[in-house]
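Heads up: the structure comes next, in structure tokens.
Protein chains: 2
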Amino acid sequence: MDMEAGTRPATDQEIYQRLWSAIAERQIGPGTRLKEEQLSEIFSASRARIRQVLQNLARDGLITLVPNRGAFVSQPSTEEARDVFFARRTIEERLVEKLCATIDAGGIDRLRNHVEAERRAHSNRDIAAAIRLSGAFHLLIAELAQSQILADLLRDLVSRTSLIMAMYRQKDVLNCGPDEHNAIVDCIVARDARKALAVMHHHLAHIENQLDLETDRVAARNLEDILGA
Amino acid sequence: MDMEAGTRPATDQEIYQRLWSAIAERQIGPGTRLKEEQLSEIFSASRARIRQVLQNLARDGLITLVPNRGAFVSQPSTEEARDVFFARRTIEERLVEKLCATIDAGGIDRLRNHVEAERRAHSNRDIAAAIRLSGAFHLLIAELAQSQILADLLRDLVSRTSLIMAMYRQKDVLNCGPDEHNAIVDCIVARDARKALAVMHHHLAHIENQLDLETDRVAARNLEDILGA
DNA sequence: ATGCGATGAATTGTCAACAATCATCTGGAA
DNA sequence: TTCCAGATGATTGTTGACAATTCATCGCAT
Chain A
3 MDMEAGTRPA TDQEIYQRLW SAIAERQIGP GTRLKEEQLS EIFSASRARI
53 RQVLQNLARD GLITLVPNRG AFVSQPSTEE ARDVFFARRT IEERLVEKLC
103 ATIDAGGIDR LRNHVEAERR AHSNRDIAAA IRLSGAFHLL IAELAQSQIL
153 ADLLRDLVSR TSLIMAMYRQ KDVLNCGPDE HNAIVDCIVA RDARKALAVM
203 HHHLAHIENQ LDLETDRVAA RNLEDILGA
Chain B
3 MDMEAGTRPA TDQEIYQRLW SAIAERQIGP GTRLKEEQLS EIFSASRARI
53 RQVLQNLARD GLITLVPNRG AFVSQPSTEE ARDVFFARRT IEERLVEKLC
103 ATIDAGGIDR LRNHVEAERR AHSNRDIAAA IRLSGAFHLL IAELAQSQIL
153 ADLLRDLVSR TSLIMAMYRQ KDVLNCGPDE HNAIVDCIVA RDARKALAVM
203 HHHLAHIENQ LDLETDRVAA RNLEDILGA
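This is the structure we're talking about:
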């Protein structure tokens with residue numbers, strides 16, 4: 003949220019990151035249409051580059067590309083939502099299991115510090131930061147587990163999870179606190195792979211169970227207000 | 003291997019499929035440079051579309067895009083190779099486990115028929131078909147297990163595995179026969195999830211263990227001879 | 001003879017204009 | 001009034017040309 007738009011060029015990666023954040027952090031609601039020309043003005047980039055970025059976002063499942071119609075922020079169905087959680091359990095259970103065997107002191111420090119940061123954001127009622135850090139925790143585990151392929155996939159799945167929660171979260175349930183994350187770190191530090199796996203499973207199942215199974219549509223918001231200067 | 007090139011336009015998907023097959027089935031060796039103009043002539047498509055396809059292939063790990071240099075068929079390192087197998091074990095063990103719980107009669111038929119086709123190709127010494135069917139078996143399991151996300155990822159991993167085997171397979175070892183696949187099907191039919199998981203693990207470990215851990219470079223071949231008319 | 005710097009060809013990156021496609025709106029007939 | 005057909009405007013898809021970058025070659029000084 004730092005660089006001004008509409009003035010100077012922006013690299014492809016910046017545009018991608020910017021849109022990714024805006025979607026994953028729920029600033030742009032599911033179903034919102036993303037027009038190429040509109041984006042090219044906002045980022046002062048040519049349409050060709052915007053198009054390239056949109057294709058990357060589509061491949062990550064964050065947006066849906068409809069031929070001759072354009073790009074829309076994805077609206078995952080309940081089946082897709084369940085599939086995302088199935089894939090996350092598959093991957094993350096294995097990653098924490100591996101991490102228990104390979105973690106070192108530096109890794110433990112990074113995990114502890116991260117959970118601490120989550121706790122601060124939570125007590126400060128900083129919802130946006132809490133959401134971002136909550137996802138980043140899972141990505142940190144993947145990074146420390148040293149499986150590039152699964153880490154890359156998990157990055158996509160985490161952002162899709164944000165999208166899913168934006169659509170299906172019941173309104174009274176707040177974002178889960180850092181307590182469960184802390185429990186996972188404890189298991190890793192104790193090198194108890196069996197328990198770490200179980201706690202991770204419970205954690206993900208917990209999140210999934212908080213969701214509502216009816217389809218909701220979310221009103222589209224104005225892009226310039228979010229991405230513009 | 004049916005459509006003639008250089009004459010009529012080809013849709014993006016066709017170009018992608020064509021290159022994907024050529025790389026995954028080892029007709030184009032690792033390290034081969036793919037020039038955009040060359041490909042645009044072969045497929046009689048504009049460079050922009052070629053570029054688009056190349057980016058998709060890069061995201062699937064089949065080719066590597068070097069800025070301002072071009073596209074090269076990937077040469078996975080030994081670490082990346084191990085990571086691919088780690089990811090495959092993670093995913094496929096879970097998929098066969100799930101499949102044991104959800105398989106129906108139609109699915110069993112498809113599995114049996116596929117293994118039979120593999121057996122025929124193997125006894126006919128049809129190496130290309132054997133390679134293709136061997137990969138397709140794993141994809142069939144993923145399809146039947148009904149997890150779109152993991153199936154998509156596995157598709158990429160299977161083609162990367164072909165690339166890895168092209169680079170690191172010891173020359174005397176032939177492609178594994180259909181016997182292990184048959185054993186996996188037996189476990190699924192018996193709905194023995196625990197054993198299915200173990201047999202799948204063994205199968206993938208077996209393939210990985212057949213590999214050599216030294217780096218080999220493979221000579222580049224001529225593109226027109228493979229993709230051209 | 002060897003190393004270093006300039007030159008040039010080849011290739012990728014970028015862009016703006018053009019063509020094709022789709023949604024919407026209008027108007028008329030049943 | 002309702003439905004369908006056609007025109008219209010907006011948006012995406014595609015193309016070819018141009019700019020930027022890289023690699024290889026050659027010349028030159030040491």
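Here the protein sequences line up with chains A and B, keeping their order. Note that our numbering has the first sequence beginning at 3, numbered continuously upward. Note that our numbering has the second sequence beginning at 3, numbered continuously upward. Even for Gly, the Cβ is constructed at its ideal location relative to N, Cα and C.
By DSSP, does residue i sit in helix, in strand, or in coil?
| i | result |
| --- | --- |
| A:Ile65 | strand |
| A:Arg53 | helix |
| A:Gln148 | coil |
| B:Ala12 | coil |
| A:Ser23 | helix |
| A:Ala47 | coil |
Report yes or no: is there a C-beta of chain B within less than 8 Å of the C-beta of residue i?
| i | result |
| --- | --- |
| A:Val86 | yes |
| A:Thr66 | no |
| A:Ala168 | no |
| A:Thr92 | yes |
| A:Thr13 | no |
| A:Arg49 | no |
| A:Arg121 | no |
| A:Arg193 | no |
With 16 as the cutoff for other CB atoms within 10 Å, does residue i come out buried or exposed?
| i | result |
| --- | --- |
| A:Asn211 | exposed |
| A:Gln77 | buried |
| B:Thr13 | exposed |
| B:Thr104 | exposed |
| A:Leu21 | buried |
| A:Arg90 | buried |
| B:Val201 | buried |
| B:His124 | buried |
| A:His205 | buried |
| A:Pro32 | buried |
| B:His140 | buried |
| B:Glu39 | exposed |
| B:Gly109 | buried |
| B:Asn115 | exposed |
| B:His183 | buried |
Starting from residue i and walking both ways along the beta strand (DSSP E), at which residues does that stretch end?
| i | result |
| --- | --- |
| A:Gly31 | Segment: none, A:Gly31 is in no beta strand (DSSP E) and carries neither H nor E. |
| B:Ala73 | 72-75 |
Would you say residue i faces chain A, with C-beta separation under 8 Å as the test?
| i | result |
| --- | --- |
| B:Gln150 | yes |
| B:Arg196 | no |
| B:Ile133 | no |
| B:Ile186 | no |
| B:Ile30 | no |
| B:Ile17 | no |
| B:Ile105 | no |
| B:Ala83 | no |
| B:Ala89 | yes |
| B:Leu206 | no |
| B:Leu155 | yes |
| B:Arg71 | no |
List the endpoints of the continuous alpha helix (DSSP H) containing residue i.
| i | result |
| --- | --- |
| B:Ser42 | 38-44 |
Quick check for students: name the residue ranges of the alpha helix (DSSP H) that lie wholly in the segment 90-140 of chain B, counting only runs of 4 or more.
107-125
Any chance you could list the alpha helix (DSSP H) runs of at least 4 consecutive residues sitting entirely within the segment 155-215 of chain B, in chain order?
181-191, 195-211
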